[in-house]
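Q:
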Ligand SMILES: [Zn+2]
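This is the structure we're talking about:
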């Protein structure tokens, strides 16, 4: 589907939420027969994550694990007794590598000695979670200095990353999920639908028969998933990947009940996909009008996200800003030059030529 079609598609006019409130953290709710929604606590502003528990004839398959905290483990212990009643977890499916989704993967895998199902890209991202602040960080320092971030703020960013709660306990191995694969779990078949942009190879699960979509962080009803560039892949274009994923998800029926990783299940997939696109289009427009004069990434960040409360906020805001700048560069609308060791971004005058295929890489 073209981007224009995505923008103009008319379907649901408002999102609808079958449940007006969420259950308490640590509690489960049956969504449909055999599919349970577990709300898990998170120790920061996001507050909670939704996990989904799928009944299998010989036990349970769980989608995502929650974060590696004592509260997370205690919530699971409660579920093992109250819902599972001694039945085992047979497999853990992880939508993507982020620590709130995968933090207890090693713990669950050890306890139930069950396989992990993930995409290749997400499994291998687990190993690069949570950079610590003890190792050599020249690339980290250079990346943010070139973005124009003040030295004291860079130190704040680095400190924000050094927390052990962001570390993931990895299992030894995994079973690979691929686009279009069918997973038979109990009486249902779930199709793997892969997206990208928020993370490299995010798996959603779609059940056509019951019109359910376990969407992870790929579609959320109110907040927008972070689309960030970090030192891990400075030249990436995650926003381009994200837009491509929105177009792919638009091909699923609007009638699905979306089971997201945060907030409440909802209907109105197509409307939400359009809103997500518009959110980023506004940022792109803002940058296009500001970049008539050269700006550093940090100056652009201050325009898009003027308030950052701490080092972690600053990292996220800078990551989002760079994602939008890289998108505009790939589009050919913006170029950058290194001036006194800081990248200056500026609008390209005249007719914009999309870059098309990647240019030669000059090392
Ligand atoms: Zn995520």
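In the working numbering, the protein residues as written are 383 to 745. Glycine included, every Cβ here is placed at the ideal spot set by N, Cα and C. Note that this is a predicted model, so its numbers are computed, not measured.
1. Going by DSSP, which residues form a beta bridge with residue 412?
2. Compare the Cα-Cα distances from residue 443 to each of 449, 571, 631 and 609 and report the closest residue.
3. By the 10 Å Cβ neighbour count, where 16 or more other Cβ atoms means buried, how is residue 343 classified, buried or exposed?
4. Is residue 480 a contact residue of ligand 1, with contact defined as CB to any heavy atom under 6 Å?
5. At the level of alpha carbons, what is the spacing between residue 564 and residue 574?
6. Would you call the stretch 516 to 533 and the stretch 475 to 491 touching, i.e. three or more CB-CB distances under 8 Å?
7. From the DSSP output, which residues share a beta bridge with residue 584?
8. Taking just the CA atoms, how far does residue 449 sit from residue 503?
9. Using only the heavy atoms of ligand 1, determine whether one of them is closer than 6 Å to the beta carbon of residue 599.
10. Considering only C-alpha positions, which residue in the set 626, 595, 603 and 608 is nearest to residue 634?
11. For residue 556, which three-state DSSP category applies?
12. Would you kindly work out how many angstroms separate the C-alpha atoms of residue 670 and residue 680, rounded to a whole number?
13. Cutting at 6 Å between CB atoms, please list the residues of its own chain near residue 577, excluding the five before and the five after it.
14. Quick check on residue 359: buried or exposed, where buried means 16 or more other Cβ atoms within 10 Å of its Cβ?
15. Reducing DSSP to helix, strand and coil, say where residue 624 ends up.
16. Quick one: using the 10 Å Cβ neighbour count with 16 as the cut-off for buried, is residue 721 buried or exposed?
17. Look at residue 453 and residue 423 and say whether their C-beta atoms are less than 7 Å apart.
18. So, for residue 581: in the same chain, excluding its five sequence neighbours on each side, which residues have a beta-carbon less than 7 Å away from its beta-carbon?
19. Rank 579, 430, 555 and 699 by C-alpha distance to the C-alpha of residue 483 and give the top, closest one.
20. Look at the alpha carbon of residue 532 and the alpha carbon of residue 660, and state the distance between them as a whole number of angstroms.
21. Among 406, 543, 666 and 550, which residue has its Cα nearest to the Cα of residue 446?
22. Over what stretch of residues does the beta strand (DSSP E) that includes residue 567 continue unbroken?
23. When the Cα atoms are used, what is the spatial distance from residue 695 to residue 439?
24. Expressed to the nearest angstrom, what Euclidean distance is found between the alpha-carbon atoms of residue 495 and residue 474?
25. Do three or more CB pairs link the stretch 629 to 643 to the stretch 601 to 619 at distances below 8 Å?
26. Roughly how many whole angstroms lie between the Cα atoms of residue 613 and residue 591?
27. Going straight from the alpha carbon of residue 715 to that of residue 730, what length do you get?
28. Does the CB of residue 639 have a neighbour CB from chain C at under 7 Å?
29. When the Cα atoms are used, what is the spatial distance from residue 418 to residue 493?
30. Can you give me the Cβ contacts of residue 469 inside the same chain, cut-off strictly under 7 Å, excluding the 5 residues immediately before and after it?
A: Working from what's here:
1. One-based indexing of the chain shown puts residue 412 at position 30. Note: residue 412 sits in a beta bridge opposite 418.
2. Within the chain shown, the letter at position 61 stands for residue 443. It is 571 whose Cα lies nearest to the Cα of residue 443.
3. The structure shown has nothing for residue 343, since the chain only spans 383 to 745.
4. As a first step, residue 480 must be located in the chain shown, where it is residue number 98. Residue 480 Cβ: within cutoff of ligand 1.
5. Position 182 of the chain shown holds residue 564. Position 192 of the chain shown holds residue 574. Residue 564 and residue 574: Cα-Cα distance of roughly 6 Å.
6. Cβ pair count under 8 Å is below three, so no.
7. On the chain shown, residue 584 is found 202 positions in, with the first residue counted as 1. 577.
8. Counting from one through the chain shown, the residue named residue 503 turns up at place 121. Counting from one through the chain shown, the residue named residue 449 turns up at place 67. Between residue 503 and residue 449, the C-alpha separation is close to 20 Å.
9. Here residue 599 refers to the residue found at position 217 when the chain shown is read from its first residue. The answer is yes for residue 599.
10. Position 252 of the chain shown, counting from 1, holds the residue named residue 634. Ranking 626, 595, 603 and 608 by Cα distance to residue 634 puts 595 first.
11. Stepping through the chain shown from its first residue, residue 556 is reached at position 174. In this structure, residue 556 counts as coil in the three-state DSSP scheme.
12. Working through the chain shown from its first residue, we reach residue 670 at position 288. Working through the chain shown from its first residue, we reach residue 680 at position 298. For residue 670 and residue 680, the distance between alpha carbons rounds to 16 Å.
13. On the chain shown, position 195 is the one that residue 577 refers to. Within the same chain, and ignoring the five residues on either side of residue 577 in sequence, the residues whose Cβ sits closer than 6 Å to its Cβ are 584, 600 and 627.
14. Residue 359 lies beyond the range of the chain shown here (383 to 745); nothing can be said about it.
15. Against the chain shown, residue 624 aligns to sequence position 242. Residue 624: helix per DSSP, three-state reduction.
16. Numbered from its first residue, the chain shown carries residue 721 at position 339. Flag for residue 721 reads exposed.
17. Counting from 1 along the chain shown, the entry for residue 453 is found at position 71. Counting from 1 along the chain shown, the entry for residue 423 is found at position 41. In this structure, residue 453 places its C-beta atom within 7 Å of the C-beta atom of residue 423.
18. For the purposes of this step, residue 581 is taken as residue 199 along the chain shown, with counting starting at 1. Cβ neighbours of residue 581 beyond the five flanking positions: 478, 479, 480, 504 and 507.
19. In the chain shown, the residue the question calls residue 483 occupies position 101. For the residues 579, 430, 555 and 699, the minimum Cα distance to residue 483 belongs to 430.
20. Taking the chain shown and counting its residues from 1, the one referred to as residue 532 is at position 150. Taking the chain shown and counting its residues from 1, the one referred to as residue 660 is at position 278. Each residue's Cα considered, the two are about 31 Å apart.
21. Looking up residue 446 in the chain shown gives position 64. Of 406, 543, 666 and 550, the smallest CA-CA separation from residue 446 is found for 550.
22. In the chain shown, counting from the first residue as 1, residue 567 sits at position 185. Counted as a single uninterrupted DSSP element, the beta strand (DSSP E) harbouring residue 567 occupies residues 564 to 567.
23. By 1-based counting over the chain shown, the position of residue 695 is 313. By 1-based counting over the chain shown, the position of residue 439 is 57. Here the alpha carbon of residue 695 sits roughly 44 Å from the alpha carbon of residue 439.
24. Within the chain shown, the letter at position 113 stands for residue 495. Within the chain shown, the letter at position 92 stands for residue 474. So the two alpha carbons sit approximately 10 Å from each other.
25. Counting Cβ pairs under 8 Å, three or more are found: they touch.
26. Here residue 613 refers to the residue found at position 231 when the chain shown is read from its first residue. Here residue 591 refers to the residue found at position 209 when the chain shown is read from its first residue. Distance between the alpha carbons of residue 613 and residue 591: 42 Å.
27. Here residue 715 corresponds to residue number 333 of the chain shown, with the count starting at 1. Here residue 730 corresponds to residue number 348 of the chain shown, with the count starting at 1. Separation of residue 715 and residue 730 (C-alpha to C-alpha, rounded to the nearest whole angstrom) is 5 Å.
28. No chain C appears in the structure shown, which is made up of a single protein chain.
29. Here residue 418 is taken as the residue at index 36 of the chain shown, counted from 1. Here residue 493 is taken as the residue at index 111 of the chain shown, counted from 1. Distance between the alpha carbons of residue 418 and residue 493 is about 21 Å.
30. By one-based count along the chain shown, residue 469 stands at place 87. So the list reads 441 and 442, once near-sequence residues are dropped.
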